[in-house]
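*Asks:* Sharing a structure, written as structure tokens. Questions coming.
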Amino acid sequence: MVKYTINRLVSGVVVLFVISLITFFVLTIIPGDAALLSLGTDATPERLEALRESMGLNQPWYERYFSWLTHFLAGDWGNSLFFGEDVLTLIMQRLMITVSLAVLSLLLAIPVAAIIGIFSALYQDKWIDRLARTVMQLGDAIPQFWLALIFLVFFSGKLGWFPVPGFIPVEEGWWRSLHSLLLPSIVVAIGLIGYLIRIIRSSMLSALEQDFMLMTRVNGLSPAQAVFKYALRSAVIAPVTTILMQLAGLLAGTVLVESIFALPGVGRLLLVAVEQRDIILLQGTVMFITGVVVCVNFLADILYRVINPMIKFGGERNA
0 MVKYTINRLV SGVVVLFVIS LITFFVLTII PGDAALLSLG TDATPERLEA
50 LRESMGLNQP WYERYFSWLT HFLAGDWGNS LFFGEDVLTL IMQRLMITVS
100 LAVLSLLLAI PVAAIIGIFS ALYQDKWIDR LARTVMQLGD AIPQFWLALI
150 FLVFFSGKLG WFPVPGFIPV EEGWWRSLHS LLLPSIVVAI GLIGYLIRII
200 RSSMLSALEQ DFMLMTRVNG LSPAQAVFKY ALRSAVIAPV TTILMQLAGL
250 LAGTVLVESI FALPGVGRLL LVAVEQRDII LLQGTVMFIT GVVVCVNFLA
300 DILYRVINPM IKFGGERNA
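Positions 0 to 318 (numbering that gives the first Met the number 0) are the ones given, in order, by the sequence shown.
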């Protein structure tokens, strides 16, 4: 277990290093002048040259990379060229909105997916299983941006059930704040439900086929007792780790929803960085999202090993 944990930590650090190197190199070769973007077209050549010198733009890319990496590891992520503020501060200001959107989406999606997925496995090839497979196909086929636009026009514009696009801070009332996140969360949840149903259904079918389920019937347990006492316990392993990874993926996967619903989250911040060619903000945001994904995947792997100790990793042998 210790060896596996160390290996996963090392691989996570390597992934972060490679992503940082690729991101820095790609942003370096993209056409455009970061100094000109920061000062505008009215800036004098002297001011532009002075800013290029202070940003290290006249240095070779590898020197700039190691200089940036040193400052990054020290917590100095630089100032955004577009906003003129510290990159890490900008990200942290918007993080809670994205996390709230992701958590609320999962809270809406998990109960629906769990009920449909479990009963789909219990009644395989029956009408509820066919319904579940239809829901999975619809979830994969419906574009999220199209669904967001339809929901926004109908539920917010026509029916007036939800506020106009935008985020209402908690200071103005927790219910109003939650209400402003509810419609975009429903849109994200609909996209998650099909995938989660597939995972839960597959895990449940696998658990129902295990030898211990036959033993429960031999021991006189009712089908309901066997399912809820033993099968569910075995089937929950894969969905739990999948949900953790989905939570990490939603940090970067809500760009379109945040843009359509005018939510000032991390996803929208990433889009602004791309639109404005703000290479400092873009690099910091990409590294932050990558770091979160790597950390959550690491925790999911460890959790999977803890709740299912029979799994062998890296040549481990169980006693």
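We treat Cβ as the ideally placed atom computed from N, Cα and C, and that holds for glycine.
Exposed or buried, residue 324, counting other C-beta atoms within 10 Å across all chains shown (16 or more means buried)?
*Replies:* Only positions 0 to 318 of the chain appear in the structure, and residue 324 is not among them; the question remains open.
*Asks:* Consult DSSP for residue 57 and reduce its assignment to one of helix, strand or coil.
*Replies:* coil
*Asks:* Do residue 269 and residue 183 have their beta-carbon atoms positioned less than 9 Å apart in this structure?
*Replies:* At least 9 Å separates the beta-carbon of residue 183 from that of residue 269.
*Asks:* Locate the alpha helix (DSSP H) running through residue 160, then write down its first and last residues.
*Replies:* First-last for residue 160: undefined, no H or E at that position.
*Asks:* Following the continuous alpha helix (DSSP H) through residue 90, name the residue where it begins and the one where it ends.
*Replies:* 86-121
*Asks:* Per DSSP, residue 78 is paired with what?
*Replies:* 85
*Asks:* Do residue 277 and residue 82 have their CB atoms nearer than 9 Å?
*Replies:* yes
*Asks:* Using three-state DSSP, classify residue 319 as helix, strand or coil.
*Replies:* With the chain running from 0 to 318 in the structure shown, residue 319 is simply not present.
*Asks:* Helix or strand or just coil, what does DSSP make of residue 42?
*Replies:* coil
*Asks:* Find out if the Cβ-Cβ distance for the pair residue 288, residue 144 is shorter than 9 Å.
*Replies:* no
*Asks:* CB-CB under 8 Å to residue 154, same chain, minus the five flanking residues each way: which ones, in chain order?
*Replies:* 160, 161 and 182
*Asks:* Is the region 18-29 touching the region 56-68 in the sense that three or more CB pairs, one from each, lie closer than 8 Å?
*Replies:* yes
*Asks:* Applying the 10 Å Cβ sphere with the 16-neighbour rule, what's the burial state of residue 257?
*Replies:* buried
*Asks:* What's the C-alpha gap between residue 121 and residue 196?
*Replies:* 13 Å
*Asks:* Taking the C-alpha atoms as reference points, what is the distance between residue 169 and residue 179?
*Replies:* 10 Å
*Asks:* Going straight from the alpha carbon of residue 208 to that of residue 202, what length do you get?
*Replies:* 10 Å
*Asks:* Could you check which residue in 96, 47, 234 and 34 has the C-alpha nearest to that of residue 261?
*Replies:* 96
*Asks:* What does a CB cutoff of less than 6 Å around residue 76 pick up in its chain, not counting 5 residues either side in sequence?
*Replies:* 86, 87 and 283
*Asks:* In terms of alpha-carbon separation, which member of 164, 200 and 255 lies closest to residue 190?
*Replies:* 255
*Asks:* Look at the Cβ atom of residue 116, then the Cβ atom of residue 200, and state whether they are nearer than 9 Å.
*Replies:* For residue 116 and residue 200, yes; Cβs fall inside 9 Å.
*Asks:* Pop quiz: residue 298 and residue 243 are said to be a contact at Cβ under 8 Å. What is the actual Cβ separation, rounded to whole angstroms?
*Replies:* 6 Å
*Asks:* State the Cα-Cα distance for the pair residue 314 and residue 302, rounded to the nearest angstrom.
*Replies:* Because the pLDDT of residue 314 is 46, which lies under 50, any placement of that residue in the model is unreliable, and the number read from its coordinates should be weighed accordingly. Spanning the two alpha carbons is a distance of roughly 18 Å.
*Asks:* By alpha-carbon positions, which one of 90, 50 and 2 ends up nearest to residue 286?
*Replies:* 90
*Asks:* Give the single residue among 148, 40, 233 and 296 whose Cα lies nearest to the Cα of residue 240.
*Replies:* 296
*Asks:* Please confirm whether residue 176 and residue 206 have their CB atoms less than 9 Å apart.
*Replies:* no
*Asks:* For residue 71, which of helix, strand or coil comes out of DSSP?
*Replies:* helix
*Asks:* Just to confirm before moving on: does the CB-CB distance between residue 294 and residue 230 stay below 9 Å?
*Replies:* No, they are not a contact pair.
*Asks:* With distances taken Cα to Cα, identify the nearest neighbour of residue 245 among 188, 152 and 279.
*Replies:* Of the candidates 188, 152 and 279, the one whose C-alpha sits nearest the C-alpha of residue 245 is 188.
*Asks:* Which residue's Cα is closest to the Cα of residue 79: 275, 305, 306 and 1?
*Replies:* The residue with the shortest Cα to Cα distance from residue 79 is 275.
*Asks:* Quick check: what's the CA-CA separation for residue 68 versus residue 146?
*Replies:* 40 Å
*Asks:* For residue 15, which of 280, 253, 290 and 93 has the nearest alpha-carbon?
*Replies:* 290
*Asks:* Rank 1, 198 and 23 by C-alpha distance to the C-alpha of residue 112 and give the top, closest one.
*Replies:* 198
*Asks:* Quick check: what's the CA-CA separation for residue 1 versus residue 249?
*Replies:* Cα-Cα distance, rounded: 30 Å.
*Asks:* Chain D beta carbons: is any one of them nearer than 9 Å to that of residue 80?
*Replies:* Absent from the structure is chain D; it holds one protein chain and no more.
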